[in-house]
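Engineer: Pasting a structure below so you can have a look.
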Amino acid sequence: MAVLTESEFIRESINENLFWLRIMKEHALFMSEGFDRNDKDLIREADQFFDMFDRRLTETRSLRLDADVVRRFNEGSISLTRRFRDFKSKVLLLIITCKIRGFNFPLLIDHTAREAGYFVLTLENLNAGKSEPLADKIVDENVFWLRIMADHSKFIASLLDPSERKLVTVASTFSDEFDQLLAQARDLESMVKQTEPSFFQTLTRFTGDVQSATTDLRNFKKDARDLIRQCKVLSLINPILADHVTREANKFLSILNDLSKRADRASVLIEE
Numbered sequence: 129m130a131v132l133t134e135s136e137f138i139r140e141s142i143n144e145n146l147f148w149l150r151i152m153k154e155h156a157l158f159m160s161e162g163f164d165r166n167d168k169d170l171i172r173e174a175d176q177f178f179d180m181f182d183r184r185l186t187e188t189r190s191l192r193l194d195a196d197v198v199r200r201f202n203e204g205s206i207s208l209t210r211r212f213r214d215f216k217s218k219v220l221l222l223i224i225t226c227k228i229r230g231f232n233f234p235l236l237i238d239h240t241a242r243e244a245g246y247f248v249l250t251l252e253n254l255n256a257g258k259s260e261p262l263a264d265k266i267v268d269e270n271v272f273w274l275r276i277m278a279d280h281s282k283f284i285a286s287l288l289d290p291s292e293r294k295l296v297t298v299a300s301t302f303s304d305e306f307d308q309l310l311a312q313a314r315d316l317e318s319m320v321k322q323t324e325p326s327f328f329q330t331l332t333r334f335t336g337d338v339q340s341a342t343t344d345l346r347n348f349k350k351d352a353r354d355l356i357r358q359c360k361v362l363s364l365i366n367p368i369l370a371d372h373v374t375r376e377a378n379k380f381l382s383i384l385n386d387l388s389k390r391a392d393r394a395s396v397l398i399e400e
């Protein structure tokens with residue numbers, strides 16, 4: 129388990145903030161747009177979160193490259209994102225108990241709350257200098273991200289116009305594929321947690337399978353995003369949302385690429 133250098137800590141912290149603060153800002157936008165027009169307090173609160181994340185994103189771009197400064201900035205991002213996660217949980221409860229209506233899918237709010245939790249944990253681990261053994265890291269990242277990718281596929285299928293039968297079918301097929309990969313990841317997670325191996329070879333093959341599937345999904349999202357921007361597809365999908373899910377697929381691919389390199393190095397050590 130490698131310990132990050134000061135420069136690596138600064139770089140990774142800034143990269144995570146740049147990515148996730150933008151994601152959180154867009155979550156606030158999507159939630160605000162999905163509320164019933166009569167839920168003015170919820171709309172106002174979501175809009176306030178949008179403004180706070182937007183300002184924080186701007187601050188990230190001019191942050192002084194000092195470890196203590198970045199660590200304190202991470203703490204501020206953690207605090208803001210926890211508050212936003214609590215807001216999402218409150219909204220989810222209101223939706224599933226039929227206290228509010230609107231157009232926010234319960235699963236979408238749950239999905240965004242999980243992403244907020246992931247962002248918080250990522251920054252907490254960076255600030256604490258924590259890192260996981262490779263086997264744990266592979267299964268944990270896959271269990272989180274495969275569910276995110278499966279959710280995206282379901283949202284796309286649900287938000288496309290029913291007349292777009294071919295695209296709906298493709299999105300539904302991706303949903304099934306990622307549900308299967310998620311089930312496999314959870315099985316592997318159970319094995320890893322019980323036996324605590326540092327690494328085993330099946331994880332190399334599994335990572336490759338996930339990379340291939342995620343590349344295909346990312347390409348589909350990118351094509352759909354471009355069609356939406358060009359007004360060549362009928363849907364309820366906001367162009368910002370189409371770009372949002374494409375960026376998240378690219379984020380997962382970046383993580384998989386790093387895990388694949390580490391898995392290859394571990395495989396060589398086992399063979400030796």
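One rule links them: number in our numbering = place in the sequence shown (from 1) + 128.
In this text, a Cβ means the ideal position worked out from N, Cα and C, and glycines have one as well.
Note that the coordinates shown come from a computational prediction; the quantities given were computed from them, not determined experimentally.
1. Are the CB atoms of D289 and L364 nearer to each other than 9 Å?
2. Could you check which residue in K216, L251, A256, R375 has the C-alpha nearest to that of D238?
3. Using the Cα positions of V194 and I223, report the straight-line distance between them to the nearest angstrom.
4. Suppose you measure from the CA of V198 to the CA of V271; what does that come to, to the nearest Å?
5. If we ignore side chains and look at the alpha-carbon of each, how far apart do Q176 and A311 end up?
6. With H, G and I counted as helix, E and B as strand and the rest as coil, what does DSSP make of S281?
7. Are there 16 or more other CB atoms within 10 angstroms of the CB of D196, so buried, or fewer, so exposed?
8. How many angstroms separate the CA atom of E260 from the CA atom of V131?
9. Contact check, I368 vs E154 under 8 Å by CB: the rounded distance?
10. Under 8 Å by Cβ, that's how I've got N202 and N143 pegged, so tell me the actual separation to the nearest angstrom.
11. Look at R275 and R229 and say whether their C-beta atoms are less than 9 Å apart.
12. Looking at the secondary structure, which residues open and close the alpha helix (DSSP H) in which V197 lies?
13. What are the start and end residues of the alpha helix (DSSP H) that includes L236?
14. Please name the residue, chosen from L309, R184, F348, V361, that lies closest to D337 on a Cα-to-Cα basis.
15. Per DSSP, which one or two residues make a beta bridge with G230?
16. By DSSP's criteria, L87 is part of a beta bridge. Which residues make up the other side?
17. Going along the chain, which unbroken runs of the beta strand (DSSP E) with 3 or more residues stay wholly within the region 140 to 189?
18. Alpha helix (DSSP H) containing Q339: first to last residue?
19. Answer with buried or exposed for E173, where buried requires no fewer than 16 other C-beta atoms within 10 angstroms of its C-beta.
20. Does the region 134 to 151 come within contact of the region 246 to 255, defined as at least 3 CB pairs closer than 8 Å?
21. Excluding sequence positions up to five away, which residues of its chain have a Cβ less than 6 Å from the Cβ of I171?
22. What residue range is occupied by the uninterrupted alpha helix (DSSP H) comprising F301?
23. Who pairs with S363 in a beta bridge, going by DSSP?
24. For a test of the three-state rule: what should DSSP assign to T133, helix, strand or coil?
25. Check whether the Cβ atoms of S326 and A263 sit closer than 9 Å, and answer yes or no.
26. Does the Cβ of L235 have 16 or more other Cβ atoms within 10 Å, making it buried, or fewer, making it exposed?
27. Can you list, in chain order, the residues of its chain whose CB lies under 6 Å from that of A285, leaving out five sequence neighbours each side?
28. Would you say A377 and T342 are within 9 Å of each other, going by their C-beta atoms?
Structural biologist: Taking the coordinates as given:
1. Reading the sequence shown from its first residue, position 161 is the one you call residue 289. Reading the sequence shown from its first residue, position 236 is the one you call residue 364. For D289 and L364, yes; Cβs fall inside 9 Å.
2. Here residue 238 refers to the residue found at position 110 of the sequence shown. It is K216 whose Cα lies nearest to the Cα of D238.
3. To locate residue 194, count along the sequence shown from 1; it is residue 66. To locate residue 223, count along the sequence shown from 1; it is residue 95. Note on identity: in this sequence residue 194 is Asp, with Val being the wrong assignment. Roughly 43 Å separates the two Cα atoms.
4. Taking the first residue of the sequence shown as 1, we reach residue 198 at position 70. Taking the first residue of the sequence shown as 1, we reach residue 271 at position 143. Answer to the nearest angstrom: the Cα atoms are 29 Å apart.
5. As a first step, residue 176 is located in the sequence shown; it is residue number 48 there, counting from the start. As a first step, residue 311 is located in the sequence shown; it is residue number 183 there, counting from the start. Each residue's alpha carbon lies about 38 Å from the other.
6. The sequence position of residue 281 within the sequence shown is 153, counting from 1. DSSP places S281 in helix when its eight states are reduced to three.
7. By 1-based counting over the sequence shown, the position of residue 196 is 68. Under this definition D196 is an exposed residue.
8. As a first step, residue 260 must be located in the sequence shown, where it is residue number 132. As a first step, residue 131 must be located in the sequence shown, where it is residue number 3. So the alpha carbons of these two residues sit roughly 11 Å apart.
9. Within the sequence shown, the letter at position 240 stands for residue 368. Within the sequence shown, the letter at position 26 stands for residue 154. I368 to E154, Cβ: 6 Å. Contact.
10. As a first step, residue 202 is located in the sequence shown; it is residue number 74 there, counting from the start. As a first step, residue 143 is located in the sequence shown; it is residue number 15 there, counting from the start. The pair is not a contact, with the Cβ atoms about 12 Å apart (cut-off 8 Å).
11. Locating residue 275 in the sequence shown gives position 147, counting from the first residue. Locating residue 229 in the sequence shown gives position 101, counting from the first residue. No; because the gap between Cβ atoms is not below 9 Å, this pair is not in contact.
12. In the sequence shown, residue 197 corresponds to position 69, counting from 1. Here the alpha helix (DSSP H) through V197 covers 195 to 224.
13. Here the question's residue 236 lines up with position 108 in the sequence shown. 234 to 256 is the span of the alpha helix (DSSP H), which, as asked, contains L236.
14. In the sequence shown, counting from the first residue as 1, residue 337 sits at position 209. Taking only the C-alpha atoms, the option nearest D337 is L309.
15. In the sequence shown, the residue the question calls residue 230 occupies position 102. For G230, which the question treats as bridged, DSSP gives the partners F163.
16. The question about residue 87 has no answer here: the residues shown for the chain are numbered 129 through 400.
17. none
18. Position 211 of the sequence shown, counting from 1, holds the residue named residue 339. That run of the alpha helix (DSSP H) goes 330 to 357.
19. Counted from its first residue, the sequence shown places residue 173 at position 45. Looking at its Cβ environment, which holds 16 or more other Cβ atoms inside 10 Å, E173 is buried.
20. yes
21. As a position in the sequence shown, residue 171 is number 43, starting the count at 1. Around I171: S160, F163.
22. To locate residue 301, count along the sequence shown from 1; it is residue 173. Here residue 301 is Thr; the residue named in the question, Phe, does not match the sequence. Unbroken alpha helix (DSSP H) run through T301: 293 to 323.
23. Against the sequence shown, residue 363 aligns to sequence position 235. According to DSSP, S363 bridges with L288.
24. Here residue 133 refers to the residue found at position 5 when the sequence shown is read from its first residue. Here T133 sits in coil by DSSP.
25. By 1-based counting over the sequence shown, the position of residue 326 is 198. By 1-based counting over the sequence shown, the position of residue 263 is 135. Yes; because the gap between Cβ atoms is below 9 Å, this pair is in contact.
26. Within the sequence shown, residue 235 is the residue found at index 107, counting from 1. That one is exposed.
27. Here the question's residue 285 lines up with position 157 in the sequence shown. Taken in chain order, the residues that qualify are V296, A299, S300.
28. As a working note, residue 377 is residue 249 in the sequence shown. As a working note, residue 342 is residue 214 in the sequence shown. Cβ atoms of A377 and T342: closer than 9 Å.
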